[in-house]
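Here the structure comes first, spelled out in structure tokens, and everything after it is commentary.
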Ligand SMILES: [Fe+2]
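In this note's numbering, the protein residues as written are -14 to 233.
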């Protein structure tokens, strides 16, 4: 009968081992839950930090864009409006760049190089002579130089450099043509012209929307990328007017 006692002992022992293992498993599970909670908290903090960083970037970029525009009472919030038009066009064209924050930065900063253009040229009411035009046309290159070292601007710098290129290659500073011009710069070009036409300038009053649309249509394939013009056609009058009224 000694065997039965032994068996009982073995069962007890097994039970103990099992209970111990269960305890360990439970402890492990709790530990994993703690890790998961820590990780979730870390992600949450990271996300908050990156949102904060992004807000700082936007504020810095806006400040820089406003500093440039503060010189020119006429253009008002031109950069902010153009950025909104540009994003509306990109969206209407189904372009992914509509959601790229770098591109908005590029739209906002496009004329940052104008800080190097003297007042006498920037505000001259008469047409510029050849020398003055040369100084004026350096602004995309100057802007590019100013921003060159700022990594977070990424492709925004391409908009700054190429926003005066033309589809037919007759623009500046590099005389790029067609698809050699970065897409964001091609979209920007339509937005920029539309805003220039629909705001008062020293040399002419603002144009109405239909007339501005006609001029942009006429520039398709020469000044502008036809697909950017096509996307612009899809932006409704209501949306254009809403942007014009909200950002002034
Ligand atoms: Fe410009």
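Just so it is clear, CB atoms sit at the ideal spot from N, CA and C, and this is done for glycine as well. Because the structure is a prediction, the values reported are computed rather than measured.
How would you label residue 167, buried or exposed, when you count the other beta carbons within 10 angstroms and need 16 or more for buried?
-> buried
Distance CB(residue 225)-CB(residue 145) smaller than 8 Å | no
Going by the C-beta, is residue 159 closer than 7 Å to any heavy atom of ligand 1?
-> no
Mind reading off the beta-carbon distance from residue 213 to residue 171? Whole number of angstroms is fine, and I expect it under 8 Å.
-> 5 Å
Counting along the chain, where does the alpha helix (DSSP H) carrying residue 203 start and finish?
-> 194 to 203
For the alpha helix (DSSP H) that residue 91 lies in, which residues bound it at each end?
-> 86 to 94
Status (buried if at least 16 other CB within 10 Å, exposed otherwise) for residue 125 = buried
Extent of the continuous alpha helix (DSSP H) run through residue 134 | No alpha helix (DSSP H) holds residue 134; DSSP gives it neither H nor E.
For residue 209, three-class secondary structure by DSSP = strand
Measure the C-alpha to C-alpha separation of residue 231 and residue 180 and round it to an integer number of angstroms.
-> 13 Å
Reference residue 150; option with closest CA among 139, 164 and 140 | 164
Quick one: give me the first and last residue of the alpha helix (DSSP H) that residue 173 is part of.
-> 168 to 182
Count the other CB atoms within 10 Å of the CB of residue 73; is the residue buried (16 or more) or exposed (fewer)?
-> buried
Taking 8 Å as the cut-off, decide whether the C-beta atoms of residue 169 and residue 136 are in contact.
-> no
Neighbouring residues (CB closer than 6 Å to any heavy atom of ligand 1) | 95, 96, 124, 148 and 149
How is the alpha helix (DSSP H) around residue 66 delimited, first residue to last?
-> 63 to 77
Classify residue -10 as buried or exposed, calling it buried when 16 or more other Cβ atoms lie within 10 Å of its own Cβ.
-> exposed
Consult DSSP for residue 189 and reduce its assignment to one of helix, strand or coil.
-> strand
Entirely enclosed alpha helix (DSSP H) segments - the stretch -9 to 24, minimum 4 residues | none
Beta-carbon separation of residue 99 and residue 53 under 8 Å?
-> yes
Relative to the alpha-carbon of residue 47, which residue among 84, 32 and 91 has its alpha-carbon at the smallest distance?
-> 91
Round the Cβ separation of residue 119 and residue 133 to the nearest angstrom and send it over; I've been treating them as touching at under 8 Å.
-> Contact doesn't hold; Cβ gap of about 22 Å is too wide.
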